[in-house]
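Numbering (the UniProt record's numbering), first residue to last: 1 to 847.
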């Protein structure tokens, strides 16, 4: 055989060759009978045996298949069935196989002249197929057509039986004998070319069903059907081997998918410095394969084949890893998009941050209301869509990136009902920010700034508002920097502190200030003891001892202690509100209630009684520090005294002599006023959104309101939810919604939340659809960008300094697997396996 690679001919060329060989096969059709012997002789003759095996198109070893079949006497019958195919070459088999895809198994007119083994088995399994009863048979030039009566036969006793073996070709308008078409090579009317002599077809059929050719073909048909039913054909044995091999590869791939899923969920790296099994530093993926191979028979067999070089396509390489990662990520995203399609309305949550390779990554999260049609359970979902690299962070460029991602995922921009961003000017800008650009496209995509981020800005505003507050936080940070700057100094601190440890301040981390102050609130004495020990330890250098002494003096000050108590109380309340605002299930009405409670708390403590209470708490700490519970005059740099000339009616401002009053006015009341003003100013937009939907926050209370007021509120909401104020394209109908609200207000419990009301409506078959739509929009609007911030935590873990060269697709896919763990756990590996097998032309059969 030549070593040169064979050039495959086209399908048309193969068909021409096949037609030429038909005549040769017809001439030699009976020549094979001399090779037929008794059953045992056939099995014992190696030449005949090898010819039978060579007929199989699959390259798997069939000797094992014959062992499974055993010494069945029916093998010789299968030889007789396939006697017309022995002389077909490998090229002919390839030609037949290429044409099988063009065959219509229900129309015999499309069947080839020579049948491959697989096609014959498929036809016998399927059986004769006749046209539908409603099919209108065409007429020929003589106005005759196929007589339906020929499909049945009347016996002498009057009974009518069906001619199941008679089949009709819609394509050629001819009739065939099913068994003779498949098993006979004779050139008879009902065998090869069919019969369309409708005038004489009754006589032709009657003669055919009594001829020897028909009975021989019928016998072969019945025998092969029986063997197929009992699973005793050579092909069946071969198929069992193939099925076993397919199951093996399915099991291997399922385990590889499970390994990828585990590593992806845990944000662990996959690869090492080499990709070879049982070598050092070959990575977590191959390491887990090696580990599971010790206990799992499937992977153990797979590894054995690889080591013995029995297979070359081991599916353990980096390319397959990326394929499986992308497959899992795409399946997760498709599941999310399927839910989104059912929900219709959605909001986007977008935030940006640089990664380790200094690429600006934009995180996109979608929020929607998912209603389970089976359980009627409602879920407010926020799902991660992916990371998008952006080069320019202007409002227009970010808008283009968002719109492009929505288009790729086939998410309609007109169904967007909310935008959630941080307080960056490129995002929330009223003229050129992202929110304005999207509002110009969709006027119903309401912008809601991140309330948790806004609350952090309120804290920053307050902390920087006065000199006393700024000095206090500078001292807190200085103590942390000093003690954490040396392992030895930190060890001294740990010796005194057994519970809370010191934390640094951060401008961006929302809870950094309360975390930094909490240790001082409950362990001020222990922190002082650590600083004092360092200042007295002569083993430290002089500068370190003096710095420790200076910091200890700042702690041992009643002004500092009062600041610790006051700031801890304020920040603790704000931190509780911030945590609630980060919940996915919170809606804008709940956010407004949380902020109202925070404002009321700050107003409540802005009084002399609360100030005196804080002083009593500070006195308790002062007693532990062994200092006097009295305010001291804070020394500061003063300018040189110059004589100031006043007009006769002018007098210099009277300074506050009482230090307690000065502390209360200049620090305590001042920071509370700044916090209250900042809250009112920064949450103005939230109040505007809440006013639009306010009448839906407590629908049960509408029964005490006149219908005219309800109509007005519904009309305003209809206009708000209209595209460009065109009420014909509104999400709701105001008149219908008014009647629905009047009806449902009598059925609800007092103070029912929008989520509870929507759940009640869904449980009762959505009997008030307009109210349901409005509530879904309320619940869809975002409250914070906490989900986007959480995705950045995964980003920093996945793309760390050791994996900074990771490509963008792999980064986004791994982040999707890690963030959307719950969606990943509900995916079926069997469906993923089919997707994997259909993705490319695999060298291994997985399905």
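Every residue, glycine too, gets a C-beta built ideally from N, C-alpha and C.
Cβ-Cβ separation, residue j to residue i (assumed contact under 8 Å), whole Å
{"i": "residue 347", "j": "residue 417", "result": "6 Å"}
{"i": "residue 252", "j": "residue 292", "result": "Wrong, their Cβ atoms sit about 11 Å apart, outside the cutoff."}
{"i": "residue 572", "j": "residue 514", "result": "6 Å"}
{"i": "residue 176", "j": "residue 131", "result": "So it is not a contact: roughly 13 Å between Cβ atoms."}
{"i": "residue 385", "j": "residue 399", "result": "That belief does not hold up - the Cβ atoms of residue 385 and residue 399 are roughly 16 Å apart, past 8 Å."}
{"i": "residue 388", "j": "residue 362", "result": "5 Å"}
{"i": "residue 631", "j": "residue 660", "result": "6 Å"}
{"i": "residue 741", "j": "residue 699", "result": "6 Å"}
{"i": "residue 799", "j": "residue 356", "result": "5 Å"}
Residue i, buried or exposed, once every other Cβ within 10 Å from all chains shown has been counted against 16
{"i": "residue 99", "result": "Any reading at residue 99 must be qualified, since the residue scores a pLDDT of 45, below 50, and its modelled position is unreliable; the value itself is stated next. Buried, by the Cβ-count rule."}
{"i": "residue 178", "result": "buried"}
{"i": "residue 222", "result": "exposed"}
{"i": "residue 270", "result": "buried"}
{"i": "residue 607", "result": "exposed"}
{"i": "residue 247", "result": "exposed"}
{"i": "residue 371", "result": "buried"}
{"i": "residue 681", "result": "exposed"}
{"i": "residue 801", "result": "exposed"}
{"i": "residue 462", "result": "buried"}
{"i": "residue 582", "result": "buried"}
{"i": "residue 750", "result": "exposed"}
{"i": "residue 589", "result": "buried"}
{"i": "residue 295", "result": "exposed"}
{"i": "residue 50", "result": "Because residue 50 carries a pLDDT of 32, less than 50, the predicted location of this residue cannot be relied on, and no value is offered for it."}
{"i": "residue 280", "result": "exposed"}
{"i": "residue 127", "result": "exposed"}
{"i": "residue 155", "result": "exposed"}
{"i": "residue 245", "result": "exposed"}
{"i": "residue 849", "result": "This structure cannot speak to residue 849, because the chain is shown only from 1 to 847."}
{"i": "residue 202", "result": "exposed"}
{"i": "residue 278", "result": "exposed"}
{"i": "residue 396", "result": "exposed"}
Reference residue i, options the options, closest by Cα
{"i": "residue 110", "options": "192, 151, 165 and 432", "result": "192"}
{"i": "residue 146", "options": "788, 697 and 173", "result": "173"}
{"i": "residue 592", "options": "452, 507, 383 and 150", "result": "452"}
{"i": "residue 564", "options": "822, 260, 578 and 471", "result": "471"}
{"i": "residue 605", "options": "545, 374, 567 and 503", "result": "567"}
{"i": "residue 402", "options": "382, 352 and 359", "result": "352"}
{"i": "residue 735", "options": "512, 719, 382 and 425", "result": "719"}
{"i": "residue 341", "options": "156, 409 and 204", "result": "409"}
{"i": "residue 603", "options": "170, 679 and 549", "result": "679"}
{"i": "residue 332", "options": "813, 124 and 159", "result": "813"}
{"i": "residue 209", "options": "153, 534 and 715", "result": "153"}
{"i": "residue 758", "options": "811, 697 and 437", "result": "697"}
{"i": "residue 848", "options": "587, 577, 611 and 584", "result": "What is shown of the chain runs 1 to 847, which leaves residue 848 out entirely."}
{"i": "residue 141", "options": "658, 197, 181 and 344", "result": "197"}
{"i": "residue 781", "options": "624, 330 and 447", "result": "447"}
{"i": "residue 771", "options": "783, 784, 419 and 755", "result": "755"}
{"i": "residue 528", "options": "797, 479, 156 and 694", "result": "479"}
{"i": "residue 150", "options": "360, 164, 264 and 16", "result": "164"}
{"i": "residue 414", "options": "729, 807 and 254", "result": "729"}
{"i": "residue 120", "options": "181, 129 and 709", "result": "181"}
{"i": "residue 359", "options": "806, 715 and 826", "result": "806"}
{"i": "residue 624", "options": "525, 585 and 721", "result": "525"}
{"i": "residue 148", "options": "587, 205, 124 and 113", "result": "205"}
{"i": "residue 523", "options": "752, 501, 716 and 436", "result": "501"}
Paired residues, beta bridge with residue i - DSSP
{"i": "residue 419", "result": "348 and 447"}
{"i": "residue 153", "result": "161"}
{"i": "residue 362", "result": "352 and 388"}
{"i": "residue 195", "result": "175"}
{"i": "residue 381", "result": "368"}
{"i": "residue 166", "result": "177"}
{"i": "residue 723", "result": "726"}
Minimum Cβ-Cβ distance from residue i to chain B less than 8 Å
{"i": "residue 313", "result": "Given the protein chain composition of this structure (a single chain), no chain B is represented."}
Near the ligand ZN: residue i beta-carbon under 7 Å from a heavy atom
{"i": "residue 804", "result": "Of the ligands one can find in the structure shown there are none, so the ligand ZN has no counterpart to examine."}
Unbroken alpha helix (DSSP H) runs of length 4 or more, entirely within the region 500-543: which are they?
Here the runs fully enclosed are 512-536.
Pick out the complete alpha helix (DSSP H) segments inside the region 256-311, 4 residues or longer, and give them in chain order.
With a minimum length of 4 residues, the continuous alpha helix (DSSP H) runs that stay inside the region 256-311 are 283-293 and 297-307.
Extract the residue ranges of the beta strand (DSSP E) inside the region 442-486, only unbroken runs of 3 or more that lie entirely within it.
Runs of beta strand (DSSP E) with 3 or more residues, each lying fully within the region 442-486, are found at 446-449, listed in chain order.
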